[in-house]
Amino acid sequence: MDDEWITALAESAWLVPALFAFVVGDAFLVVLPSETAVVALGALWATTGSPPLLAIAPAAAAGAVVGDGLCYLIGRRIGLDRWRWQREGRIAVAVAGIRGTVQRRTAVLVFTARYVPFARIAVNLAAGAGRVSLRRYLPLSLAAGTAWAAYNVAIGAVVGSALPDDPLLAIAISVPIAIVLGLAVDRVVAGLDRRRQC
């Protein structure tokens with residue numbers, strides 16, 4: 201199979217800025233699978249050497265922090281129930297669930313929510329609306345975004361290093377592994393939450 205196109209993509213000057221924008225967008229539109237993109241680029245780096253690992257991880261982390269910070273600012277300025285989409289469906293359930301605990305457990309919520317798409321939006325909106333201070337929120341968001349980026353890049357890089365001659369196969373295998381691990385994290389967090397409520 202001719203992999204020249206994937207090598208050209210990996211070496212594109214637009215790839216890292218596009219990753220940043222994609223991760224920022226994922227803070228609002230959970231249909232954008234930013235985890236998948238970060239994992240895929242980790243696998244691509246391990247198989248082709250491009251884009252540089254020292255560009256992927258910081259761009260993903262910065263995108264996560266900027267996107268989450270924008271959600272925080274929306275929550276701070278607008279609150280949690282101004283728009284209809286905030287009062288319906290999974291977002292409303294998630295927001296109601298964390299409204300009372302955001303001040304008490306800010307660090308736990310910010311770190312765990314970074315790995316759960318709908319919860320991520322709810323926690324960041326609630327942190328802003330709940331008036332968690334920016335001085336407290338920002339370092340937590342920075343640490344959570346950095347850990348999330350490193351985790352996803354590492355998954356792709358580990359799988360990619362096991363398949364150094366086949367970038368497409370490395371990407372195809374690393375993405376489902378990341379999804380399964382993400383679902384596992386989601387279940388563990390939900391289980392711990394149920395235990396705490398008992």
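Residue 398 in the numbering used here sits at position 198 of the sequence shown, with consecutive numbering throughout. Ideal placement from N, C-alpha and C gives every residue a C-beta, glycine not left out. What you are looking at is a predicted structure, and each value in this text was computed from that prediction instead of being measured.
Check	Outcome
Ser333 (DSSP reduced to helix, strand or coil)	coil
Cβ-based burial, Trp245 [other Cβ within 10 Å; buried from 16]	buried
Check whether Ala326 and Val302 have beta carbons under 9 Å apart	yes
Cβ-based burial, Leu215 [other Cβ within 10 Å; buried from 16]	buried
DSSP-derived helix/strand/coil call for Leu253	helix
Backbone secondary structure at Tyr351 - three-state DSSP	helix
Per-residue DSSP class, three states only, for Met201	At Met201, the pLDDT of 45 sits below 50, so the modelled position is not reliable; the number obtained from the coordinates is stated separately. It is coil, neither helix nor strand.
Segment limits, alpha helix (DSSP H) that includes Phe222	Leu215 to Asp226
Beta-carbon gap between Asp268 and Gly345 smaller than 9 Å	yes
DSSP-derived helix/strand/coil call for Thr301	coil
Any chain D beta carbon closer than 9 Å to Arg287	Among the chains of the structure shown, chain D does not appear; only one protein chain is present.
Contact between the segment 257 to 277 and the segment 362 to 372 (3+ Cβ pairs under 8 Å)	no
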